[in-house]
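See structure below.
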Amino acid sequence: MTENLPVFYAIKWTDAGLQLLDQRRLPGEEVYLTLGDAPAVAMAIRDMVVRGAPAIGITAAYGVVLSVQQHSRQCPDDWRSLVDDDIHLLAAARPTAVNLVWALQRMRSCLATARDALVETLLGEAESIHREDIAANQRMGAAGANLINTGDSVLTYCNTGSLATGGYGTALGVIRSAWSGNKLEKVFACETRPWLQGARLTAWELVQDSIPVTLITDNAAASLMQAGRVQWVITGADRVTANGDVINKIGTYQLAVACRYHGVKMMVVAPISTLDMALSSGQQVTIEERPQSEVLGMAGRAIAAVGASAWNPAFDVTPAMLVDYLVTEAGVISAPNVEKLAILASSLLTGS
Numbered sequence: 000m001t002e003n004l005p006v007f008y009a010i011k012w013t014d015a016g017l018q019l020l021d022q023r024r025l026p027g028e029e030v031y032l033t034l035g036d037a038p039a040v041a042m043a044i045r046d047m048v049v050r051g052a053p054a055i056g057i058t059a060a061y062g063v064v065l066s067v068q069q070h071s072r073q074c075p076d077d078w079r080s081l082v083d084d085d086i087h088l089l090a091a092a093r094p095t096a097v098n099l100v101w102a103l104q105r106m107r108s109c110l111a112t113a114r115d116a117l118v119e120t121l122l123g124e125a126e127s128i129h130r131e132d133i134a135a136n137q138r139m140g141a142a143g144a145n146l147i148n149t150g151d152s153v154l155t156y157c158n159t160g161s162l163a164t165g166g167y168g169t170a171l172g173v174i175r176s177a178w179s180g181n182k183l184e185k186v187f188a189c190e191t192r193p194w195l196q197g198a199r200l201t202a203w204e205l206v207q208d209s210i211p212v213t214l215i216t217d218n219a220a221a222s223l224m225q226a227g228r229v230q231w232v233i234t235g236a237d238r239v240t241a242n243g244d245v246i247n248k249i250g251t252y253q254l255a256v257a258c259r260y261h262g263v264k265m266m267v268v269a270p271i272s273t274l275d276m277a278l279s280s281g282q283q284v285t286i287e288e289r290p291q292s293e294v295l296g297m298a299g300r301a302i303a304a305v306g307a308s309a310w311n312p313a314f315d316v317t318p319a320m321l322v323d324y325l326v327t328e329a330g331v332i333s334a335p336n337v338e339k340l341a342i343l344a345s346s347l348l349t350g351s
């Protein structure tokens, strides 16, 4: 299934190395960086050249390929320990996104069983992770779009499209699918402080795909709901715990609270790789806190009063009771809870 793919790419393997579209410079400039080793990949993840849980996992997988390519040639007697160091470095780059650890574990397993043509074998595995993500996103897009009534309007948050995934999108994939099916009346996007992923990235993606988008400030969302102008909030997730709690971009929780008060449906769209069945609830997740400067300034310029401090958590926890639908590539779960996610996890293990 390849229809409705965006007209650009954010992650691409080349003979020269891994190419990433530098998301920090969008929408003003479309600049691709070529990375040649795992530390550069880890830095790109940490500095948000690439962001979004699925995209981070895919990027890290390619980072392992670069590590094996470099060390197996330069240090043939000790390359495995050097690769292991690089994998630890990649894992620490942005630890809240469970896809990062999932992808690295998959690459470790591939490395452990590979015998010949190591680089080619690992590259094949990374490319499989990449392709599988796009296919999963398209399945989620179709499943989520089926929940939407013709004439509905949706609000989305942060960026969950091709820039955040392998090339189609989770929440934005649902919007792409619903729009191509002539279901949507209107698409709204929150600007998403402090990095403005909605204003800079989601709006840019939708414009690239000729999907009309109306941008709102984050603090206008509840008023939009109160006015009856939106029937859905659709977001992605960086992690979903065993009870259905959703860890996503800071601000998701307050949207979910506003949805419940106003009777707006809350849809979370996340691949199976985002499920973390080892954690019983979102309260067990360590939330990444980013530098105060991201809140106190913008585009390299101070915007706050000198002497002010800032609190800058990157994510928050939305309790499962506030989620109406969890959409995965394995199906849709309404009102997710411990029992329903356990059944999903069991079916994945048994292949049923």
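Numbering that gives the first Met the number 0 puts the first residue of the sequence shown at 0, with every later residue one more than the last.
C-beta atoms are modelled at their ideal positions from N, C-alpha and C, and glycine is treated no differently.
Report the rounded CA-to-CA distance for residue i versus residue j, giving the unit in angstroms.
| i | j | result |
| --- | --- | --- |
| Val153 | Ile271 | 23 Å |
| Ala344 | Pro38 | 34 Å |
| Cys258 | Glu184 | 19 Å |
| Trp194 | Ala220 | 18 Å |
| Ala41 | Glu287 | 16 Å |
| Ala307 | Ala9 | 36 Å |
| Leu103 | Ala59 | 7 Å |
| Gln73 | Asp36 | 12 Å |
| Trp78 | Leu348 | 33 Å |
| Thr95 | Asp323 | 23 Å |
| Asp132 | Leu34 | 22 Å |
| Leu205 | Leu20 | 16 Å |
| Ser127 | Gly168 | 17 Å |
| His129 | Val49 | 14 Å |
| Gly250 | Cys189 | 10 Å |
| Ala319 | Ala141 | 23 Å |
| Leu278 | Gln225 | 35 Å |
| Asp14 | Leu146 | 42 Å |
| Ala170 | Val63 | 28 Å |
| Gln291 | Pro75 | 43 Å |
| Pro335 | His261 | 20 Å |
Quick one: what's got a C-beta closer than 7 Å to residue i's C-beta in the same chain, skipping five residues either side?
| i | result |
| --- | --- |
| Lys248 | Tyr156, Cys157, Thr191, Phe314 |
| Glu93 | Inspection of the sequence shows that residue 93 is occupied by Arg rather than by Glu. Cβ within range, chain order: Ile44, Arg45, Ile55, Leu99, Glu287. |
| Tyr252 | Asp315, Val316, Thr317 |
| Gly27 | none |
Start and end of the alpha helix (DSSP H) containing residue i?
| i | result |
| --- | --- |
| Glu293 | 292–295 |
| Trp12 | Element bounds for Trp12: not the alpha helix (DSSP H) but the beta strand (DSSP E), 10–13. |
| Gln73 | 52–73 |
| Ile302 | Element bounds for Ile302: n/a, residue is neither H nor E. |
Between which two residues does the beta strand (DSSP E) carrying residue i extend?
| i | result |
| --- | --- |
| Met276 | Careful: Met276 lies outside any beta strand (DSSP E) and carries neither H nor E. |
| Asn247 | 245–248 |
| Cys189 | 183–189 |
| Val268 | 264–268 |
| Gln225 | Segment 220–225 is the alpha helix (DSSP H) holding Gln225; no beta strand (DSSP E) there. |
Please return the same chain residues whose Cβ sits closer than 6 Å to the Cβ of residue i, not counting the five positions on each side in sequence.
| i | result |
| --- | --- |
| Gln283 | none |
| Trp178 | Ile210 |
| Glu293 | Pro193, Asn311 |
| Asp83 | none |
Tell me, to the nearest whole angstrom, how far the beta carbon of residue i is from that of residue j; I am working on the premise that it is less than 8 Å.
| i | j | result |
| --- | --- | --- |
| Glu331 | Asn242 | The question names Glu, yet the displayed sequence has Val at residue 331. 18 Å between Cβ atoms; not a contact. |
| Thr273 | Asn98 | 6 Å |
| Gln18 | Met47 | That pair is no contact at about 17 Å. |
| Gly299 | Ile246 | At roughly 29 Å, the Cβ-Cβ gap does not stay under 8 Å, so Gly299 and Ile246 are not in contact. |
| Met139 | Val267 | With 8 Å as the limit, Met139 and Val267 do not qualify as a contact, their Cβ atoms being about 11 Å apart. |
| Leu321 | Val256 | 7 Å |
| Lys182 | Asp151 | 7 Å |
| Gly180 | Asn136 | Contact doesn't hold; Cβ gap of about 16 Å is too wide. |
| Leu360 | Val239 | Outside the displayed span of the chain (0 to 351) sits residue 360, for which this structure offers no information. |
| Gly16 | Thr159 | Their Cβ separation, rounded to whole angstroms, is 27 Å, which puts Gly16 and Thr159 out of contact at 8 Å. |
Can you name, in chain order, every residue of its own chain whose Cβ lies under 8 Å from the Cβ of residue i, other than the five neighbours on each side?
| i | result |
| --- | --- |
| Ala223 | For the sequence presented, residue 223 should be read as Leu rather than Ala. The residues are Leu154, Phe187, Ile215, Val229. |
| Ser109 | Per the sequence presented here, residue 109 reads as Cys, with Ser not at that position. Excluding sequence neighbours, Cys109 sits near Thr120, Leu121, Glu124. |
| Val30 | Leu20, Asp21, Arg24 |
| Ala113 | Thr120, Leu121 |
Pairing CB atoms from the stretch 61–68 with CB atoms from the stretch 110–119, are three or more of them under 8 Å? Touching, yes, given that three or more Cβ pairs across the two stretches are closer than 8 Å.
Mind the definition here: the stretch 226–235 touches the stretch 158–172 only if three or more C-beta pairs lie below 8 Å; say whether that holds. Flag = yes, the stretch 226–235 and the stretch 158–172 touch.
Check whether the stretch 86–97 touches the stretch 195–210, taking contact to mean three or more Cβ pairs, one atom from each stretch, closer than 8 Å. For the pair of segments examined, the stretch 86–97 was found not to touch the stretch 195–210: the number of CB pairs separated by less than 8 Å stays below three.
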